[in-house]
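Take the sequence shown: its letter number 53 is residue 53 in the UniProt record's numbering, and every next letter is one higher.
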Amino acid sequence: MSTVASPRSGGGTPRARPLPAWPFVALFAPFLVWWALGISDSVWILAALVMAYHLFSHGGVRAPRGFGIWLLLMAWITVSTLRVTAADDLIGAVYRLALYYSLTVLFLYVYNARTTLTVQRVTGVLTLWFVTLVIGGYLGILFPAVEFATPMSRVVPGGLLDNPMIRDMVVKGFSEFDDGYFQLEPRPNVPFLYTNNWGNVYSLLLPVVAVHMFSLRGSPRFWPVALLFPISAVPALLTLNRGMFIGIGVTLVYVAVRLALQRRFMAILGVMGLGLLALVLYNVLPIAERLDNRLPPEGNSTTTRLSLYEQALGLVPGSPIFGYGGPQPPANPFEAPVGTQGYIWMLLVSFGPMAVLLFISFFAVAILKVAGRPDRLGIAFSAVLVVGLVEHLYYGLLPNGLAVMLPVAALVFRDEVSGAPPGQGEPVQLSDRPNADSRAALRGA
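Set out below in structure tokens:
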């Protein structure tokens, strides 16, 4: 049973308004603009401040059953971050903590704004974000050498620009590449820092875009959205992103199995068609040749990753409860820090094994909540979360991957998406009065 605050004595129930959709729309729809301005890596925090203001000024904040797991994770991360004392590490640690709180606000905002952020609107806005990736992908293919200082680079104090993380945020390029292989393999990364971020978000958004496309059947907007799949396949394949290929493969297999269990064979043919399209493009474009150039016999990225993973496991006994508060220096100074090259390893090294358990548990609860739903929402949304858990083994998810997974999870925890019996998944009250969206939900909206 949900707990709802009673009206205040003497003053009646305070007037509540629905949460506006525009903060969510303004975060994702113009993301290419935020990137060009040099604030795409901090816009999460700015948007969360606006969302938090609306959450607490429009009425009570509600959270789903199971959200306590995420709150415990947040508490664990906060305590771990407080252990960071080195000045060189403090900027990154505080920034990561701010991102975690911002994404938590994003989850609560989507969950609470039921009347304004409908499933179709959320998937539509995320589809616009997908369009941003496609545009950025073609920018990287056509103009791979472009690099420019954003307006934000002129605002940031000169001393902070010496920090590599800050510099990467405000000096942008259209592609990520090794200078020695530039002529062979420019890899699109716009609107993110790294090509791996692009591949991670692309693979997570594919099921969301598919859901939105089917919601537009009979509308003139159906075909423009449908064309995004073949159009986006070119930059996606040219990212040479093996982790993304794995994620898309998992998506196709997962969806095909779910459809086969329901004997929906015509739908399976559609999934097979997407796989065939990818195979044709793989053979038409110089993908295999470029992958060979990326994988020299000695010192390849797979060997480096395995070395970092072994070092991450070796660090656990040294701080098994709260971790180290952030990634740690590697044994080889030419390698990336230990606790990168995969979100699970960042959690393990930075915040300890308990953080890994809490993170997986939260999304496992969301998957179980929606996995039994046989329609396209159940299949697509559970696919997003399943693939997210697969990719967190080798991709960093903060903030971009989680910016897909958490809104999807927020939709999943709504009864109208999860298909839970009325009242079984009802939320708990986090603040003093229900807003209009919460009241509508309680009335069965």
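From the three backbone atoms N, C-alpha and C, an ideal C-beta is built for every residue, glycine too.
Check, Outcome
"Spatial distance of T123 from I344 (CA atoms)", "27 Å"
"S175, DSSP secondary structure in three states", "strand"
"Among V250, A331 and V370, the one whose alpha carbon lies nearest that of S382", "V370"
"Straight-line Cα distance separating V250 from D168", "31 Å"
"Same chain, Cβ closer than 7 Å to V146, neighbours up to 5 away in sequence not counted", "G173 and F174"
"Where Y395 falls, given that 16 or more other Cβ within 10 Å makes a residue buried", "buried"
"Beta carbon of residue 453 nearer than 8 Å to that of L19", "As displayed, the chain neither begins before 1 nor continues past 445, which places residue 453 out of reach and without an answer."
"Integer-rounded CB distance, given that F322 should sit under 8 Å from R83", "6 Å"
"Span of the alpha helix (DSSP H), counted from its first residue to its last, around A226", "F222 to L238"
"Start and end residues, alpha helix (DSSP H) containing F359", "P353 to A371"
"Segment contact, 8 Å Cβ cut-off, at least three pairs: the segment 351-364 with the segment 154-168", "no"
"Local conformation of P18 per DSSP, three classes", "coil"
"Straight-line Cα distance separating S215 from A52", "30 Å"
"Residue of N332, Y324 and P329 minimising C-alpha distance to T78", "Y324"
"Boundaries of the alpha helix (DSSP H) in which E391 is found, first to last residue", "R376 to E391"
"Sufficient close CB pairs (3 or more, under 8 Å) joining the segment 83-102 to the segment 130-145", "no"
"Per-residue DSSP class, three states only, for P30", "coil"
"Alpha-carbon to alpha-carbon, Y194 and Q120", "29 Å"
"Nearest-angstrom Cβ-Cβ length linking V125 and F28, presumed shorter than 8 Å", "5 Å"
"Rounded separation between L128 and A21 - CA only", "15 Å"
"Inter-residue spacing [alpha-carbon to alpha-carbon] between I69 and F229", "35 Å"
"Pair within 8 Å by beta-carbon distance, L227 and F130", "no"
"Alpha-carbon to alpha-carbon, A409 and F107", "8 Å"
"L261, buried or exposed, once every other Cβ within 10 Å from all chains shown has been counted against 16", "exposed"
"Residues that DSSP places opposite E310 in a beta bridge", "Its beta-bridge partners do not exist; DSSP assigns none."
"Residues that DSSP places opposite A149 in a beta bridge", "V171"
"Three CB pairs or more closer than 8 Å across the segment 238-256 and the segment 385-392", "yes"
"When V110, V412 and L90 are compared against A48, the one with the closest alpha-carbon", "V110"
"Contact belief for P151 with G38 at Cβ below 8 Å, rounded distance in angstroms", "6 Å"
"V338 in three-state terms, based on DSSP", "strand"
"Spatial distance of R221 from H212 (CA atoms)", "10 Å"
"G66, DSSP secondary structure in three states", "coil"
"Per-residue burial, L269 [other beta carbons within 10 Å of its own, 16 or more giving buried]", "exposed"
"Beta-ladder partner(s) of R83, from DSSP", "Paired residues: none, contrary to the question."
"Cα-Cα separation between R263 and V257, rounded to whole angstroms", "10 Å"
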